[in-house]
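Visitor:
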Amino acid sequence: MAEKHRYPTLRQLGLMVLLGLGSFHNALADAPNAPPAVETYPLAGVIGQPRRVGVPHGKEARRHQGDWGRFNYGNGEFAGFGPVGMYGVAPWAEDWSALRNPSRRRDFLDPLKFIALNEARTIWLSLSGESRARYWYEAQPRLGTVGHQGASRFTTRNFLGADLHLGQHVRLFGQLNNGTAAGSRYYGYSATWRRRLGVQQLFAEVKGTVIGAHMGLMVGRQQFLDAPSWLLYQGETPNVPLTWNGVRGYALWNAIRVDAYDFVQTQVTHDTIMGGGFDRSTRLYGLDVTSALPLFTIGRQQVHSFLDLFWMGFRFQGAQARLMQRTGDASGTQTRQNIGFRWYGSAPAFEYDLSAVYQTGRFYAAKAGGNRPISAYAGRAVVGWRHSSSFFHPFVGVQAEIYSGGRAFYQNGEVTGFVAPFSPRNGTFDASRTLVRANLMSIGPLLSATPLPRLNFQFKLPFMWRQRLGDGLYGNGSRYTFFNSSSLHKAGRYVGFIPQLSMRYQITQHLTYQVNGGALVMSKGVRREGAKNGTFMISDLVFRF
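Take any residue in the sequence shown, count from 1 to its spot, add 50: that is its number in this note's numbering.
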């Protein structure tokens, strides 16, 4: 039976546009030294902010990062709370305390960002919200394996958050979510797409200064972004992003920080207000130590760099935990210990981002006698040149990645395939999520240009090969079944390439339009086994405050 009210009404879409345009006058009146509007909502990674941002800008009036010492550099993601510009990927990471002085208000919605609840203005409430309307078209969904052509999906999602500060040391944060999904010849919708109303986040935090460090303890349901975004992120694609339930403790000095955490995943259902409670079979736990390294020079270039060392444990079941064996897929539970690093550096003329992970652990088969050890790895490198003084603010770089493959159809022995089960960010690899980072090697150019303060273009062209000929290709949540034991080698190692172009336009402080388009061009060998070439287009209209 068809569901009612699956499309947003014209009134809802119109309200998004009018609220966004309401800040247009304020946006035009921004001070000349305000950060470029296109950086209002930065993303993770080297070109997550289209223009290079240095130390002086991290805590200026038009940005809302916390007091993170040297970790305020750039988009602030090395502080461990996700990227933050004017707005943050995690809204609770934003610091609006400067609005305690009403004379500092610049936007018509600023009164909602600091609502004083006592005369001393030490108890205050900050509201946040986001509404996203997304249209997604795929000419050949999942390389043609869905069974029909021309899938059109239209989704909306809404978040409303409240951040209650009880003085300097205690705060409570809560966030509600809602999502709708419809379209034509669509596929793949689950509870993470359609949600009447749910609690997205709900946690308490106690914080203060101890032994010279900004320390805090967060208990409850929360976003977690303290990892390389290609390994773990918030889940940008579905309407209900990934959240975790548990405890997180952090200590942040001027140039070093420590983060420890232990979570179980939120279980998402259509109709339960708390999202179905806790998925205790899925865990995330670990320890992170990040250092802002001493400045050094290469030629005449002074380099700011950060070294992130981490141990991160995964425990998960379901489709991503299954192993392909000769007698059929083996279901079970996987535990993976990720030991890795990320080294990021930025100079006036260049940037680099190098990271690698080794996974060890064990596969516990649902049926007795099928337990197997795990040994897998992954690595990623981005190196590029920036010309910040140019009119176009270009970034010209190269991205190379490798993700180990498995031994498909083996009944025993080591499991060698790399898995990142918790919503890694695919935007710099394959925005359509048709192919995910498993049994792949890729290399290609990565280009960015920002000709106007509100406008950014990015182009990427990854060429791909299978890391192991004895393993197949993987999509979002499962492997492609067009390979069998005899065709894996016949198809050859080369997979194909994915040319992609994206445009992001910051219409006003509150309203953003973004479009991603590309093509999946598969090799002759892969097409011979049943895969089909295709194109895709994803467009987003987002209102945020």
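Using N, Cα and C, we set each Cβ at its ideal position, and we do this for glycine too.
Computed from a predicted model, the values in this text were never measured in an experiment.
Are Asp-521 and Gly-580 close, meaning C-beta to C-beta below 8 angstroms?
Guide: The residue given as residue 521 occupies position 471 in the sequence shown. The residue given as residue 580 occupies position 530 in the sequence shown. No. Outside cutoff.
Visitor: Look up Leu-149 in the DSSP assignment and say whether it is helix, strand or coil.
Guide: Indexing the sequence shown from 1 puts residue 149 at position 99. Leu-149 falls in the helix class under three-state DSSP.
Visitor: Check whether the Cβ atoms of Ala-231 and Thr-259 lie closer than 8 angstroms to each other.
Guide: For the purposes of this step, residue 231 is taken as residue 181 along the sequence shown, with counting starting at 1. For the purposes of this step, residue 259 is taken as residue 209 along the sequence shown, with counting starting at 1. In this structure, Thr-259 does not lie closer than 8 angstroms to Ala-231 by Cβ.
Visitor: Rounded to the nearest angstrom, what separates Phe-400 and Leu-357 at their Cα positions?
Guide: For the purposes of this step, residue 400 is identified with residue 350 of the sequence shown, where counting begins at 1. For the purposes of this step, residue 357 is identified with residue 307 of the sequence shown, where counting begins at 1. One C-alpha to the other measures close to 17 angstroms.
Visitor: Under the assumption that Phe-313 contacts Arg-333 (Cβ atoms under 8 angstroms), give the Cβ distance between them as a whole number of angstroms.
Guide: Mapped onto the sequence shown, residue 313 falls at position 263. Mapped onto the sequence shown, residue 333 falls at position 283. That belief holds up - the Cβ atoms of Phe-313 and Arg-333 are roughly 7 angstroms apart, short of 8 angstroms.
Visitor: Using the Cβ count rule (16 or more neighbours within 10 Å means buried), how would you classify Ala-77?
Guide: In the sequence shown, the residue the question calls residue 77 occupies position 27. With a pLDDT of only 41 at Ala-77, under 50, the local geometry of the prediction cannot be trusted, and the value read off the model is given with reservation. Under this definition Ala-77 is a buried residue.
Visitor: Cα separation between Lys-417 and Lys-582?
Guide: By one-based count along the sequence shown, residue 417 stands at place 367. By one-based count along the sequence shown, residue 582 stands at place 532. Roughly 36 angstroms between the two C-alpha positions.
Visitor: Relative to the C-alpha of Asp-379, which candidate in Phe-366, Leu-485, Gln-461, Gln-284 has its C-alpha closest?
Guide: Translated into positions along the sequence shown, residue 379 becomes position 329. Comparing Cα-Cα distances from Asp-379 to each of Phe-366, Leu-485, Gln-461, Gln-284, the minimum goes to Gln-461.
Visitor: With distance defined between alpha-carbon atoms, name the residue in Gly-456, Trp-435, Ala-87, Arg-102 nearest to Ile-424.
Guide: Sequence index remark: in the sequence shown, residue 424 carries index 374 (1-based). Residue Gly-456 is the option with its Cα nearest to Ile-424.
Visitor: Which of helix, strand or coil does DSSP assign to Glu-451?
Guide: Stepping through the sequence shown from its first residue, residue 451 is reached at position 401. Of the three classes helix, strand and coil, the one that applies to Glu-451 here is strand, per DSSP.
Visitor: Given this structure, state the Cα-to-Cα distance separating Ile-452 from Phe-253, to the nearest angstrom.
Guide: Along the sequence shown, one-based indexing puts residue 452 at 402. Along the sequence shown, one-based indexing puts residue 253 at 203. Rounded to whole angstroms, Ile-452 to Phe-253 spans 37 angstroms at the Cα level.
Visitor: Measure from the alpha carbon of Asp-276 to the alpha carbon of each residue in Leu-523, Phe-472, Gly-527, then state which is nearest.
Guide: The residue labelled residue 276 in the question sits at position 226 within the sequence shown. When only C-alpha atoms are compared, the closest one is Phe-472.
Visitor: Closer than 6 angstroms by C-beta to Tyr-408: which residues in its own chain qualify, once you throw out the five before and the five after it? Chain order, please.
Guide: As a working mapping, residue 408 is identified with position 358 in the sequence shown. Excluding sequence neighbours, Tyr-408 sits near Ile-389, Tyr-427.
Visitor: Tell me the residue span of the beta strand (DSSP E) that contains Lys-257.
Guide: Stepping through the sequence shown from its first residue, residue 257 is reached at position 207. It spans 245-260 - the beta strand (DSSP E) in which Lys-257 sits, taken as one unbroken run.
Visitor: Report back the beta-carbon spacing between Val-565 and Leu-497 to the nearest angstrom; my notes put them in contact at under 8 angstroms.
Guide: Counted from its first residue, the sequence shown places residue 565 at position 515. Counted from its first residue, the sequence shown places residue 497 at position 447. That pair is no contact at about 17 angstroms.
Visitor: Taking its Cβ as the centre, do 16 or more other Cβ atoms sit within 10 Å of Ile-348, making it buried, or is it exposed?
Guide: As a first step, residue 348 must be located in the sequence shown, where it is residue number 298. Looking at its Cβ environment, which holds fewer than 16 other Cβ atoms inside 10 Å, Ile-348 is exposed.
Visitor: Would you say Phe-547 and Pro-512 are within 8 angstroms of each other, going by their C-beta atoms?
Guide: What you label residue 547 is simply residue 497 of the sequence shown in a count that begins at 1. What you label residue 512 is simply residue 462 of the sequence shown in a count that begins at 1. Yes, the pair counts as a contact, with Cβ atoms nearer than the cut-off.
Visitor: Considering Lys-510, what are the terminal residues of the alpha helix (DSSP H) in which it resides?
Guide: Your numbering for residue 510 matches position 460 in the sequence shown. Per DSSP, Lys-510 belongs to no alpha helix (DSSP H); it is in the beta strand (DSSP E), 505-510.
Visitor: Where does Ala-581 fall in DSSP's three states?
Guide: Residue numbering aside, residue 581 sits at position 531 when the sequence shown is read from its first letter. Of the three classes helix, strand and coil, the one that applies to Ala-581 here is coil, per DSSP.
Visitor: Give me whichever residues DSSP pairs with Gln-387 in a beta bridge.
Guide: Locating residue 387 in the sequence shown gives position 337, counting from the first residue. Answer is Gly-363, Thr-410, bridged to Gln-387.
Visitor: Thinking C-alpha only, which one of Gln-351, Arg-487, Met-268 is nearest Arg-436?
Guide: The sequence position of residue 436 within the sequence shown is 386, counting from 1. Taking only the C-alpha atoms, the option nearest Arg-436 is Gln-351.
Visitor: When you compare the segment 553-569 with the segment 161-178, are there three or more beta-carbon pairs, one atom per stretch, that lie closer than 8 angstroms?
Guide: No contact exists between the segment 553-569 and the segment 161-178.
Visitor: For the ligand COA, is there a heavy atom less than 7 angstroms away from the beta-carbon of Thr-558?
Guide: Among the components modelled here there is no ligand, and therefore nothing to report on the ligand COA.
Visitor: Look at the Cβ atom of Thr-385, then the Cβ atom of Phe-364, and state whether they are nearer than 8 angstroms.
Guide: Translated into the one-based positions of the sequence shown, residue 385 becomes position 335. Translated into the one-based positions of the sequence shown, residue 364 becomes position 314. Taking 8 angstroms as the Cβ cut-off, Thr-385 and Phe-364 qualify as a contacting pair.
Visitor: Report the three-state DSSP secondary structure of Leu-519 (helix, strand or coil).
Guide: Working through the sequence shown from its first residue, we reach residue 519 at position 469. The answer is coil: DSSP assigns Leu-519 none of H, G, I, E or B.
Visitor: Look at the alpha carbon of Arg-529 and the alpha carbon of Trp-294, and state the distance between them as a whole number of angstroms.
Guide: As a working mapping, residue 529 is identified with position 479 in the sequence shown. As a working mapping, residue 294 is identified with position 244 in the sequence shown. Taking the straight line from one Cα to the other gives about 26 angstroms.
Visitor: In terms of DSSP beta bridges, what is Trp-435 paired with?
Guide: What you label residue 435 is simply residue 385 of the sequence shown in a count that begins at 1. Note: Trp-435 sits in a beta bridge opposite Phe-400, Val-446.
Visitor: Buried or exposed: Val-592, going by 16 or more other Cβ atoms within 10 Å of its Cβ?
Guide: As a working note, residue 592 is residue 542 in the sequence shown. When all chains shown are included, Val-592 counts as buried.
Visitor: Looking at C-alpha atoms only, which residue of Ala-499, Leu-485, Tyr-544, His-539 is the closest neighbour of Gly-194?
Guide: To locate residue 194, count along the sequence shown from 1; it is residue 144. It is Leu-485 whose Cα lies nearest to the Cα of Gly-194.
Visitor: Report yes if the CB atom of Gln-225 is closer than 8 angstroms to the CB atom of Phe-209, and no otherwise.
Guide: What you label residue 225 is simply residue 175 of the sequence shown in a count that begins at 1. What you label residue 209 is simply residue 159 of the sequence shown in a count that begins at 1. For Gln-225 and Phe-209, yes; Cβs fall inside 8 angstroms.
Visitor: Closest by CA to Phe-346, which one among Lys-510, Thr-316, Arg-298, Gly-395?
Guide: Position 296 of the sequence shown, counted from the first residue, corresponds to residue 346. When only C-alpha atoms are compared, the closest one is Gly-395.
Visitor: Could you tell me whether the segment 146-155 touches the segment 530-543, where touching means 3 or more Cβ pairs closer than 8 angstroms?
Guide: No, because fewer than three Cβ pairs between the segment 146-155 and the segment 530-543 fall closer than 8 angstroms, the two stretches do not touch.
Visitor: Using only alpha-carbon positions, find the residue among Tyr-311, Ala-129, Pro-133 that is nearest to Tyr-91.
Guide: Counting from one through the sequence shown, the residue named residue 91 turns up at place 41. If we check each option's Cα against that of Tyr-91, Pro-133 comes out closest.
Visitor: Helix, strand or coil, according to DSSP, for Arg-594 in the structure here?
Guide: On the sequence shown, position 544 is the one that residue 594 refers to. Of the three classes helix, strand and coil, the one that applies to Arg-594 here is strand, per DSSP.
Visitor: Output the boundary residues of the beta strand (DSSP E) element that contains Pro-495.
Guide: If you number the sequence shown from 1, residue 495 lands on position 445. From DSSP, the beta strand (DSSP E) with Pro-495 extends over 490-502.
Visitor: Using the Cα positions of Tyr-283 and Asn-168, report the straight-line distance between them to the nearest angstrom.
Guide: Within the sequence shown, numbered from 1, the residue matching residue 283 stands at position 233. Within the sequence shown, numbered from 1, the residue matching residue 168 stands at position 118. C-alpha separation (whole angstroms): 37 angstroms.
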